[in-house]
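This report concerns only the one structure given below.
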Ligand code: AMP
Ligand code: GLY
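In the working numbering, the protein residues as written are 155 to 576.
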């Protein structure tokens, strides 16, 4: 099987690493990939959002399957583009079409979907310029803190959590006036959920599903979960509070109704569903859907999957996922993200990375890196995820941190408290 993986982050390196272990794989290409993905396949300089270029490559390399890493090509309709073109319609795509991708691309769509299918989530009100009055009245009717979400994709920055009612009203107005561009022409106001978050992942063929190992992600830049939001600074899997009883509730109240809801709404969906959950006193509530894997969660989830990922993808494409059981690794896996100084604000790229050859007993997943002659250089805010196995969280973290210390680049920063609240 010839596979094209779209994307260039730590998630894609971890998926490339995992797929490369499959006997079903003939050739793996990654577009555009990073210095790490090139260890497991061939990087190709193609923009995943340039579908015409993607098509030429699919034909030239006789690709059988496209695995879509990030959300943007999905939200832009890469799947629809492929299945509607007779020359490439036979190619399997792991990732939903444009309609299914709205679960991530539109917060309003996702909330309506959850309410329609009785999936537990915070109360909400969707507001646009024409019903601003109703939005302001809704804010008055709920308690602080106030959660305001830009409806569309806003590069992870479109969510505001505010303590003060007047500030929330002013921000709501500013958002509708274009604070986040077109993404906030609709704003979802939500009730605040108090609890501890985790990420749950399902892979579905549109009829049945398998639940992958869950993970806890650390989103803030600073120790103790302080400071600005990032893409994610580290992760741990399994999550101790996601015990059998909790995961049973997640499956019965969230995962199954989600897949059944997609069927009821006539939305074909073959791909990952990433459910951001809040555990509120032992009860799961959905915070958000994503239509892809999480990053850095993938860097702990892939090492915990024992089953053949390419075989799972084939079953998704063929619609017989029901025949698959997923085998998981009982050990704990942790990851610590090394980031560029200044991230998530402005930062410099092009710093030489050294010490990679000194690392041992860990999995080094590249995120923002690039190969320049013999050197590996930083090429993004999140640079490298250092994953490690252990009998428990502490043992795994010890290895992640030890190796994180061995890798050097100018301005390197990482959180030394990943897993602190577990
Ligand atoms: P989202 O993009 O919807 O995942 O929101 C970003 C982050 O904001 C989440 O990871 C949560 O930490 C927080 N958040 C979102 N919605 C809520 C809510 N209803 N209650 C509490 N925190 C929330
Ligand atoms: N780590 C959270 C995400 O991938 O959205």
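Ideal placement from N, C-alpha and C gives every residue a C-beta, glycine not left out.
Note that the coordinates shown come from a computational prediction; the quantities given were computed from them, not determined experimentally.
Legend entry - Stretch pair the region 323-331 + the region 266-277: three plus CB contacts closer than 8 Å: no
Inset, instruction - Provide the residue(s) that pair with residue 491 in DSSP beta bridges, ordered along the chain. - result: 539
Legend entry - Check: residue 328 C-beta below 6 Å from any heavy atom of ligand 1: no
Inset, instruction - Taking only the alpha-carbon atoms, compute the straight-line gap between residue 513 and residue 552 and give it to the nearest angstrom. - result: 13 Å
Legend entry - Residues of its chain near residue 489, where Cβ-Cβ distance is below 7 Å and the 5 sequence neighbours each way are ignored: 388, 389, 450, 453, 454, 539, 540, 541, 554
Legend entry - Proximity test, residue 212 beta-carbon vs ligand 1 heavy atom, cut-off 6 Å: no
Inset, instruction - With a threshold of 6 Å, establish whether the CB of residue 164 neighbours any heavy atom of ligand 2. - result: no
Inset, instruction - Identify which residue in 566, 550, 471, 448 has its Cα closest to the Cα of residue 506. - result: 566
Inset, instruction - Go through its chain and collect everything with a Cβ distance to residue 243's Cβ below 6 Å, but skip five positions before and after it. - result: 237
Inset, instruction - Go ahead and label residue 158 buried or exposed: buried means 16 or more other beta carbons lie within 10 angstroms of its beta carbon, across all protein chains shown. - result: buried
Legend entry - Residue from 511, 517, 499 with nearest C-alpha to residue 529: 511
Inset, instruction - Mark residue 199 as exposed unless 16 or more other C-beta atoms lie within 10 angstroms of its C-beta, in which case mark it buried. - result: exposed
Legend entry - Contact between the region 459-477 and the region 338-349 (3+ Cβ pairs under 8 Å): no
Legend entry - Cutoff 8 Å; reference residue 209; Cβ partners in own chain excluding five residues on either side: 235, 236, 239, 241, 242
Inset, instruction - Rounded to whole angstroms, what's the CA-CA distance from residue 216 to residue 226? Just pull it up for me. - result: 24 Å
Inset, instruction - Quickly, what does DSSP pair residue 438 with across the bridge? List them, please. - result: 433
Legend entry - Distance between beta carbons of residue 561 and residue 517, contact taken as under 8 Å: With a Cβ gap of about 13 Å, residue 517 and residue 561 do not count as contacting.
Inset, instruction - Identify the continuous alpha helix (DSSP H) that holds residue 384 and give its terminal residues. - result: Element bounds for residue 384: n/a, residue is neither H nor E.
Inset, instruction - May I ask which residues mark the beginning and end of the beta strand (DSSP E) holding residue 447? - result: Careful: residue 447 lies outside any beta strand (DSSP E) and carries neither H nor E.
Inset, instruction - Out of 475, 377, 351, 357, state which residue places its alpha-carbon closest to the alpha-carbon of residue 436. - result: 351
Inset, instruction - Check residue 184 in the structure and name its three-state DSSP category. - result: strand
Legend entry - chain B within 7 Å of residue 207, Cβ atoms only: Considering every chain present, this structure includes no chain B. It has just one protein chain.
Inset, instruction - Tell me whether residue 280 sits in a helix, a strand or coil according to DSSP, three-state version. - result: strand
Inset, instruction - State yes or no: is the C-beta of residue 487 within less than 7 Å of the C-beta of residue 353? - result: no
Inset, instruction - Tell me where the beta strand (DSSP E) around residue 520 begins and ends. - result: 517-520
Legend entry - residue 397 to residue 527 span [Cα, whole Å]: 48 Å
Legend entry - residue 468 burial status per 10 Å Cβ neighbour count (16 or more: buried): buried
Inset, instruction - Check the C-beta distance from residue 364 over to residue 463 and give it rounded, since I have them as a contact under 8 Å. - result: That belief does not hold up - the Cβ atoms of residue 364 and residue 463 are roughly 11 Å apart, past 8 Å.
Legend entry - ligand 1 heavy atom lying under 6 Å from the CB of residue 313: yes
Inset, instruction - Given a cut-off of 7 Å, decide if residue 356 and residue 409 are closer than it, judged by their beta-carbon atoms. - result: yes
Inset, instruction - Could you tell me whether any non-hydrogen atom of ligand 1 is closer than 6 Å to the CB of residue 276? - result: yes
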